[in-house]
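Numbering (our numbering), first residue to last: 197 to 451.
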């Protein structure tokens with residue numbers, strides 16, 4: 197029986213996701229941005245929170261951890277590399293580790309960039325990736341603690357996942373990212389079509405996620421740092437992928 201997923205908004209623009217196995221009755225919350233919307237989603241679905249998976253230490257991803265843990269006593273898993281910055285972790289994991297929840301293996305992929313110890317959770321059986329603030333639809337997280345080269349390596353690791361992997365991200369930045377992406381990759385027809393789709397989704401009040409690894413490879417400039425057309429548009433024909441990544445991120449910071 198496939199996993200059930202409930203995606204909803206929290207805070208001003210955070211995506212939050214519950215993952216539920218109807219046979220084992222296990223329910224995972226990916227990060228803990230805000231208690232109220234999470235409680236409402238649990239009430240709406242009738243699910244009982246059993247686990248929380250934390251991706252990184254930023255407040256908008258852990259704010260509700262303490263009250264949720266007090267209310268439900270879930271098992272909380274988080275990044276070993278940021279253990280000193282996150283109160284309430286029960287299990288520490290790092291790159292290459294595998295845990296089992298909802299009767300599925302969950303692989304830990306360390307993706308430094310946004311923060312030094314950021315991790316993503318990959319469910320290989322269901323082909324689900326919870327990327328938080330590493331990978332956004334047509335974008336990447338702002339680089340607060342590591343370098344563009346570090347984030348570029350993180351993207352290389354995510355690019356190796358199956359193209360049909362469904363990707364859930366930490367924020368609703370899709371339209372803003374698309375509007376920027378077209379400025380650095382103007383001849384990308386797939387990107388132009390996706391921009392039109394996202395504009396219609398946002399006008400209708402619809403969510404723009406999940407995306408897929410395959411779609412991101414086609415339309416996310418941070419996955420396309422070796423593409424000749426994009427490099428030509430940037431005037432960086434002979435640059436390395438890491439140099440192109442750094443330039444794209446620097447332009448996005450000024451956009």
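Virtual Cβ for every residue (Gly too), placed ideally from N, Cα, C.
Worksheet entry | residue 202 and residue 221 closer than 9 Å at C-beta | no
Discussion item. Can you give me the C-alpha to C-alpha distance between residue 264 and residue 231, rounded to a whole angstrom?
Written reply: 7 Å
Item to complete: Assuming residue 164 contacts residue 427 (C-beta within less than 8 Å), just tell me the rounded distance between them.
Response: Here the chain comprises residues numbered 197 to 451, so residue 164 is not present and cannot be evaluated.
Worksheet entry | In chain order, each beta strand (DSSP E) run of at least 3 residues that lies wholly inside the segment 270 to 317 | 271 to 275, 287 to 289, 294 to 297 and 300 to 306
Worksheet item: Is residue 316 closer than 9 Å to residue 331 when the C-beta atoms are compared?
Response: Taking the C-beta atoms as reference points, residue 316 is found nearer than 9 Å to residue 331.
Worksheet item: Does DSSP classify residue 332 as helix, strand or coil?
Response: Note: residue 332 maps to strand in three-state DSSP.
Worksheet item: What separation, rounded to the nearest whole angstrom, lies between the Cα atoms of residue 269 and residue 451?
Response: 43 Å
Worksheet entry | N-terminal and C-terminal residue of the beta strand (DSSP E) that residue 428 is part of | Here residue 428 belongs to no beta strand (DSSP E); instead the alpha helix (DSSP H) covers 424 to 430.
Item to complete: State the DSSP-derived secondary structure class of residue 402, mapped to helix, strand or coil.
Response: coil
Discussion item. The alpha helix (DSSP H) that contains residue 473, what's its start and end?
Written reply: Any answer about residue 473 is impossible in this case: the structure gives the chain only from 197 up to 451.
Worksheet item: Any idea what DSSP makes of residue 409, helix, strand or coil?
Response: When secondary structure is reduced to three states using DSSP, residue 409 falls in the helix class.
Fill in: Alpha-carbon to alpha-carbon, residue 223 and residue 298
7 Å
Discussion item. In the DSSP output, what is residue 200 paired with across the bridge?
Written reply: 216
Worksheet item: Is there contact between the segment 246 to 260 and the segment 308 to 328, where contact requires at least three CB pairs shorter than 8 Å?
Response: yes
Practice prompt. Report buried or exposed for residue 422, applying the criterion of at least 16 other Cβ atoms within 10 angstroms of its Cβ.
Written response: exposed
Fill in: Nearest-angstrom beta carbon gap, residue 275 and residue 314 [assumed within contact, 8 Å]
7 Å
Worksheet item: For residue 355, which of helix, strand or coil comes out of DSSP?
Response: helix
Worksheet item: In the structure shown, what three-state DSSP assignment does residue 394 receive?
Response: helix
Item to complete: Using 10 angstroms around the beta-carbon of residue 417, count the other beta-carbons present and answer buried if the total reaches 16, otherwise exposed.
Response: The residue is buried, with at least 16 neighbouring Cβ atoms inside 10 Å.
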